[in-house]
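Undergrad: Let me begin by handing over the structure; questions about it come next.
Residue numbers (the working numbering): 1412 to 1876.
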């Protein structure tokens, strides 16, 4: 029987480690845990679970720690997990079957990011508690003499894999709890990665993947100009490799960040070119579809044309609908949060409102809220769809609960509902509050500025909306 060994690196993972090791206990033949300096019970937990613990001095290099683990393995395959990950129940059987078949060198496993630390496997796999579609990652590797990890952070086995290794997708899902936002913030992962990635870029200036990761963390830190410079360099490098027929980093994430910044700067032609080029390089992706929807919606706003029969709005709606086709597909690179569910449905709902179809808009917002019931933009959209569908009285109670959010949209919609369905004595104060909010907070939906101006005119005239 072919040997399968778990290789895991850990530091102060007493909370997550028991669940991780339990998920593979009946699957692997051996468990190796490389401890990089824990001060909690990580080592004791690993040893009690039957793992062999290797002490490794941390030197700000994830690949060095990974390589310390695989150095302890002589044959078979290695399964790579982090302490905050788990194999889902039943995945072990698929792994063992594939390994005994012995017709691959790289097993690509679907990884699902959980949105809550207490999410059940069923909820994550069904999408109820998942951040988006699964991403296929190289997590089962044949132990050859030259197997080695590279990179101080976002470590990879690219050089090893490029030597004719056979890759295969395996139906053995992993659930990842380490991307839950509050956990990342508490552990300072973004700050750590920013420091390590800056060093990685200095070491390998031609590495487009590192520059893209670096730009992503710079964006999170609010350093937009630096992020753009890194993305520009990464983009040029990918383009040069593709033009020369050389292996290139996947350009989808680079394009996602690049187009986001271009849209932020109202560079619609630039964003369109970025999205088009990314599709030529790597095919379609929900990120590109969602950005395409935003692009067409923004172009319509800028054009000043009527919403009725607008080709831009029709194209935006089509792009949103394309997002949903990726919902059950594992992807090569991560999708933007909600790009196949609530975010795309919210955009589609807003577009249907602009097209004058409140009934369809309401359904889209309900779809978004079925995935994320607290999504403020979708809640506001649902209220607007109710108002323009003739059910504003039903929207008022929820709008009242959203006034404390501080967004001007809530005040504008509450004033609109009050105008049509009673409570007109409160309209003037609501409009004043909307104007005050606009001094510090942007609208979540730009068309509501028109609603505000219309309401102010009607109120001045004493008319009825």
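Glycine included, every Cβ here is placed at the ideal spot set by N, Cα and C.
Can you tell which of 1562, 1836, 1638 has the C-alpha that lies nearest to the C-alpha of residue 1618?
TA: For the purposes of this step, residue 1618 is taken as residue 207 along the chain shown, with counting starting at 1. For the residues 1562, 1836, 1638, the minimum Cα distance to residue 1618 belongs to 1562.
Undergrad: Which residues in the same chain have their Cβ closer than 8 Å to the Cβ of residue 1806, if we skip the five residues on either side of it in sequence?
TA: The residue you call residue 1806 lines up with position 395 of the chain shown. Residues 1793, 1794, 1795, 1797, 1798, 1824, 1828 of the same chain have their beta carbon placed closer than 8 Å to that of residue 1806, with the five preceding and five following residues left out of the count.
Undergrad: Compare the beta carbon distance of residue 1772 and residue 1780 with 8 Å and say whether it is the shorter of the two.
TA: For the purposes of this step, residue 1772 is identified with residue 361 of the chain shown, where counting begins at 1. For the purposes of this step, residue 1780 is identified with residue 369 of the chain shown, where counting begins at 1. Result no, Cβ atoms of residue 1772 and residue 1780 do not sit closer than 8 Å.
Undergrad: Could you say which of 1584, 1610, 1464 lies nearest to residue 1421 if we only look at CA atoms?
TA: Along the chain shown, one-based indexing puts residue 1421 at 10. Of the candidates 1584, 1610, 1464, the one whose C-alpha sits nearest the C-alpha of residue 1421 is 1464.
Undergrad: Can the beta-carbon of residue 1540 be found less than 8 Å from the beta-carbon of residue 1530?
TA: Residue mapping note: residue 1540 aligns to position 129 of the chain shown, counting from 1. Residue mapping note: residue 1530 aligns to position 119 of the chain shown, counting from 1. Yes, the pair counts as a contact, with Cβ atoms nearer than the cut-off.
Undergrad: With a floor of 4 residues, list each alpha helix (DSSP H) that falls wholly inside the region 1632-1699, ordered by position along the chain.
TA: 1635-1654, 1663-1675, 1679-1693
Undergrad: Let's see if you can read the secondary structure: which residues bound the alpha helix (DSSP H) around residue 1819?
TA: Mapped onto the chain shown, residue 1819 falls at position 408. Taken as a continuous stretch (DSSP letters only), the alpha helix (DSSP H) holding residue 1819 covers 1819-1832.
Undergrad: Just grab the DSSP bridge partners of residue 1421 for me.
TA: Numbered from its first residue, the chain shown carries residue 1421 at position 10. Looking at the DSSP assignment, residue 1421 forms a beta bridge with 1446.
Undergrad: With DSSP as the reference, label residue 1488 as helix, strand or coil.
TA: What you label residue 1488 is simply residue 77 of the chain shown in a count that begins at 1. Correct three-state label for residue 1488: strand.
Undergrad: Measuring CA to CA, which of 1488, 1610, 1769 is closest to residue 1802?
TA: Reading the chain shown from its first residue, position 391 is the one you call residue 1802. Selected option, being the one with the closest Cα: 1769.
Undergrad: Taking the beta strand (DSSP E) that residue 1579 belongs to, which residues open and close that run?
TA: By 1-based counting over the chain shown, the position of residue 1579 is 168. Counting along the chain, the beta strand (DSSP E) containing residue 1579 begins and ends at 1578-1580.
Undergrad: I'd like the ranges of any beta strand (DSSP E) spanning at least 3 consecutive residues and lying wholly in the region 1520-1604.
TA: Entirely contained in the region 1520-1604, the beta strand (DSSP E) runs reaching 3 residues are, in chain order, 1546-1553, 1578-1580, 1585-1587.
Undergrad: How is the alpha helix (DSSP H) around residue 1435 delimited, first residue to last?
TA: Along the chain shown, read from residue 1 onward, the residue named residue 1435 stands at position 24. Taken as a continuous stretch (DSSP letters only), the alpha helix (DSSP H) holding residue 1435 covers 1428-1435.
Undergrad: Determine, using beta carbons only, whether residue 1698 and residue 1662 come nearer to each other than 8 Å.
TA: Against the chain shown, residue 1698 aligns to sequence position 287. Against the chain shown, residue 1662 aligns to sequence position 251. Not closer than 8 Å, so no.
Undergrad: What does DSSP give as the partner residue(s) for residue 1498 in the beta ladder?
TA: Start at 1 with the first residue of the chain shown, and residue 1498 comes out as number 87. Beta-bridge pairing links residue 1498 to 1585.
Undergrad: Strictly by DSSP, which residues pair up with residue 1464?
TA: Residue 1464 sits at position 53 when you count from the first residue of the chain shown. Bridge partners of residue 1464: 1444.
Undergrad: Tell me whether residue 1876 sits in a helix, a strand or coil according to DSSP, three-state version.
TA: Stepping through the chain shown from its first residue, residue 1876 is reached at position 465. Because residue 1876 carries a pLDDT of 41, less than 50, the predicted location of this residue cannot be relied on, and no value is offered for it.
Undergrad: Thinking C-beta only, is residue 1431 closer than 8 Å to residue 1480?
TA: Start at 1 with the first residue of the chain shown, and residue 1480 comes out as number 69. Start at 1 with the first residue of the chain shown, and residue 1431 comes out as number 20. No. Outside cutoff.
Undergrad: Using the three-state DSSP reduction, which class does residue 1508 fall into: helix, strand or coil?
TA: Numbered from 1 along the chain shown, position 97 holds the residue referred to as residue 1508. Under the three-state reduction of DSSP, residue 1508 is assigned to helix.
Undergrad: From residue 1416 to residue 1440, what distance separates their C-alpha atoms?
TA: As a working note, residue 1416 is residue 5 in the chain shown. As a working note, residue 1440 is residue 29 in the chain shown. Those two C-alpha atoms are separated by around 6 Å.
Undergrad: Just confirm the distance between the C-beta atoms of residue 1492 and residue 1586, as a whole number of angstroms; I'd bet it's less than 8 Å.
TA: Taking the chain shown and counting its residues from 1, one reaches residue 1492 at position 81. Taking the chain shown and counting its residues from 1, one reaches residue 1586 at position 175. That belief does not hold up - the Cβ atoms of residue 1492 and residue 1586 are roughly 10 Å apart, past 8 Å.
Undergrad: Quick check on the burial criterion: 16 or more other C-beta atoms within 10 angstroms. Buried or exposed for residue 1672?
TA: What you label residue 1672 is simply residue 261 of the chain shown in a count that begins at 1. So residue 1672 counts as buried.
Undergrad: Is residue 1742 helix, strand or coil by DSSP?
TA: Indexing the chain shown from 1 puts residue 1742 at position 331. It is a strand residue.
Undergrad: State the start and end residues of the unbroken alpha helix (DSSP H) segment that holds residue 1811.
TA: For the purposes of this step, residue 1811 is taken as residue 400 along the chain shown, with counting starting at 1. Start and end: 1803-1813.
Undergrad: Using the beta-carbon count (16 or more within 10 Å), is residue 1861 buried or exposed?
TA: Locating residue 1861 in the chain shown gives position 450, where the first residue counts as 1. Residue 1861 should be labelled exposed.
Undergrad: Taking residue 1685 as the reference, which of 1669, 1677, 1696, 1675 has the closest Cα?
TA: Within the chain shown, residue 1685 is the residue found at index 274, counting from 1. Selected option, being the one with the closest Cα: 1669.
Undergrad: Given a cut-off of 8 Å, decide if residue 1755 and residue 1735 are closer than it, judged by their beta-carbon atoms.
TA: Here residue 1735 refers to the residue found at position 324 of the chain shown. Here residue 1755 refers to the residue found at position 344 of the chain shown. Yes, these two residues count as a Cβ contact at 8 Å.
Undergrad: In terms of DSSP beta bridges, what is residue 1453 paired with?
TA: Taking the first residue of the chain shown as position 1, residue 1453 is located at position 42. Paired residue(s): none; residue 1453 is not in a bridge.
Undergrad: Under a Cβ-count criterion, where at least 16 other Cβ atoms within 10 Å of its own Cβ denotes burial, should residue 1840 be classed as buried or exposed?
TA: Numbered from its first residue, the chain shown carries residue 1840 at position 429. When all chains shown are included, residue 1840 counts as exposed.
Undergrad: Is residue 1800 helix, strand or coil by DSSP?
TA: For this step, residue 1800 is matched to residue 389 along the chain shown. Three-state result, residue 1800: coil.
Undergrad: Got a sec, what are the start and stop residues for the alpha helix (DSSP H) residue 1413 sits in?
TA: Residue 1413 sits at position 2 when you count from the first residue of the chain shown. Careful: residue 1413 lies outside any alpha helix (DSSP H) and carries neither H nor E.
Undergrad: So, helix, strand or coil for residue 1518, using DSSP?
TA: Walking along the chain shown from the start, residue 1518 turns up at place 107. Residue 1518: strand per DSSP, three-state reduction.
Undergrad: Starting from the C-beta of residue 1642, find all residues in its chain whose C-beta is less than 8 Å away, skip the five residues before and the five after it, and write them out in chain order.
TA: As a working mapping, residue 1642 is identified with position 231 in the chain shown. So the qualifying residues of the chain are 1622, 1623, 1626, 1665, 1668, 1669, 1672.
Undergrad: Which word fits residue 1656, buried or exposed, when buried means at least 16 other C-beta atoms lie within 10 angstroms of its C-beta?
TA: Residue numbering aside, residue 1656 sits at position 245 when the chain shown is read from its first letter. Residue 1656 comes out exposed.
Undergrad: If we call anything under 8 Å between Cβ atoms a contact, is residue 1577 one with residue 1488?
TA: Against the chain shown, residue 1577 aligns to sequence position 166. Against the chain shown, residue 1488 aligns to sequence position 77. Remark: C-beta atoms of residue 1577 and residue 1488 do not approach each other more closely than 8 Å.
Undergrad: Is it true that the CB of residue 1460 sits closer than 8 Å to the CB of residue 1443?
TA: Translated into positions along the chain shown, residue 1443 becomes position 32. Translated into positions along the chain shown, residue 1460 becomes position 49. Not a contact, by the Cβ cut-off of 8 Å.
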